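Residue numbers (the numbering used here): 378 to 672.
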Amino acid sequence: MRILMVIGQFRPTIGGAERQCELLAHALVAAGHAVCVLTVRPERGVPLRDVVAGVPVRRIAYPILRIGRHRVGFGFLASILVWWHARRMMRDYDVVVAHQALWPAFVASLAARRHRKPIVVKLGNSGERFDLDVLEQTHWYGAFARRFLLRRVARFVATSAAVRSDLQRAGVPAEGIAEIPNGVIVPAVALQRSSDATLRAVFVGTLTKKKNISALLEAMARLDAHARAQIMLALVGDGPERAALEQQTAALDVAARVTFHGTRADPSSVLTESDCFVLPSRTEGLYNAELEAMA
């Protein structure tokens with residue numbers, strides 16, 4: 378089959394949805410299918426046409442201005458440009474797979490409808506960040522986009538029972554939902570637990586408010602001095618909340634017990650040196666880093 382995958386961002390930007398898109402694309406190519414990823418270029422300097430581990434990637438550029446240290450993007454143009462390119466590319470593909478039921482899924486479904494191509498949408502979140510709710514609340518056309526997706530999408534992929542329940546509450550019939558958990562590659566590494574009494578905890582993910590790391594830091598601060606001295610917390614990842622979290626560690630007097638590792642292409646070395654994985658997130662679908670930690 379010829380499969381067009383549409384996603385709001387892709388490499389070099391990497392998060393849970395992006396990792397799953399990449400894993401799925403590689404698996405489909407290995408099975409003999411043709412896959413192309415259509416996405417948005419995050420910044421100048423990133424190539425518009427690329428091949429990532431054998432998968433062609435088409436990135437759509439939209440205007441970005443830099444005013445001093447500030448970055449101003451005309452993001453509203455991204456949806457129009459992605460729709461235009463998807464519309465032109467659609468005739469060469471058999472099916473469209475959109476990752477997350479947000480604006481990329483909506484514009485891809487508009488393009489797919491014109492060429493009568495089926496579209497599959499894989500959701501990312503349940504609960505208060507349920508994709509269709511976010512789509513409706515964050516765009517002026519959100520209510521229409523939600524109704525359009527509910528009518529047009531051939532299958533919604535739910536990564537968990539919670540996502541399935543949210544879809545059913547949104548009016549999607551049972552036959553319109555495929556429940557497929559996210560998958561990870563099980564690494565061939567052994568646990569390297571240290572012999573000392575220190576408990577080494579690790580979090581892997583994007584440092585955003587949704588991940589709720591501030592609550593984790595507050596929990597550490599509430600421990601008595603003896604218990605706090607026996608815990609080390611490793612935070613692997615980067616994001617808009619990093620500066621605020623670094624300030625919070627200083628204010629709570631836990632900076633000596635917390636290490637910010639930044640983004641790691643492969644966090645396995647930190648995971649294998651840790652004793653437990655911590656996920657304080659407010660809402661998730663099926664968290665990839667959690668699965669990788671369990672593996």
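Here a beta-carbon is modelled for each residue, glycine too, at the ideal position from N, C-alpha and C.
All values derive from a computational prediction rather than experimental measurement.
Bridge partner(s) assigned by DSSP for residue i
i                 : result
phenylalanine 654 : Val579
methionine 609    : Arg577
alanine 555       : Val534
leucine 415       : Val383, Arg435
glycine 614       : Gly639
C-beta atoms of residue i and residue j nearer than 8 Å
i              : j                 : result
valine 655     : alanine 606       : no
valine 498     : valine 549        : no
histidine 638  : alanine 596       : no
glutamine 625  : serine 591        : yes
leucine 500    : arginine 523      : no
valine 459     : leucine 487       : no
asparagine 589 : glycine 393       : no
leucine 622    : leucine 594       : yes
leucine 526    : phenylalanine 580 : no
Three-state class that DSSP yields for residue i in the structure shown
i            : result
glycine 378  : The question names glycine, yet the displayed sequence has methionine at residue 378. Note: methionine 378 maps to coil in three-state DSSP.
glycine 639  : strand
arginine 421 : coil
valine 563   : coil
arginine 619 : helix
glycine 409  : coil
Residue environment, residue i, which counts as buried when at least 16 other CB atoms sit within 10 Å
i                 : result
phenylalanine 507 : buried
serine 456        : buried
valine 428        : exposed
glutamate 395     : buried
alanine 475       : buried
proline 495       : exposed
alanine 565       : exposed
aspartate 543     : buried
arginine 634      : buried
alanine 602       : exposed
Continuous beta strand (DSSP E) stretch holding residue i: start and end
i             : result
aspartate 685 : Residue numbering for the chain in the displayed model covers 378 to 672; residue 685 lies beyond these limits and cannot be assessed.
valine 498    : 496-499
valine 432    : 432-437
N-terminal and C-terminal residue of the alpha helix (DSSP H) that residue i is part of
i             : result
histidine 476 : Taken as a continuous stretch (DSSP letters only), histidine 476 belongs to no alpha helix (DSSP H), being part of the beta strand (DSSP E) at 472-476.
proline 481   : 480-491
valine 631    : Counting along the chain, valine 631 falls outside any alpha helix (DSSP H), and DSSP gives it neither H nor E.
valine 647    : 645-649
arginine 524  : 519-529
arginine 599  : 590-599
glutamate 513 : 508-515
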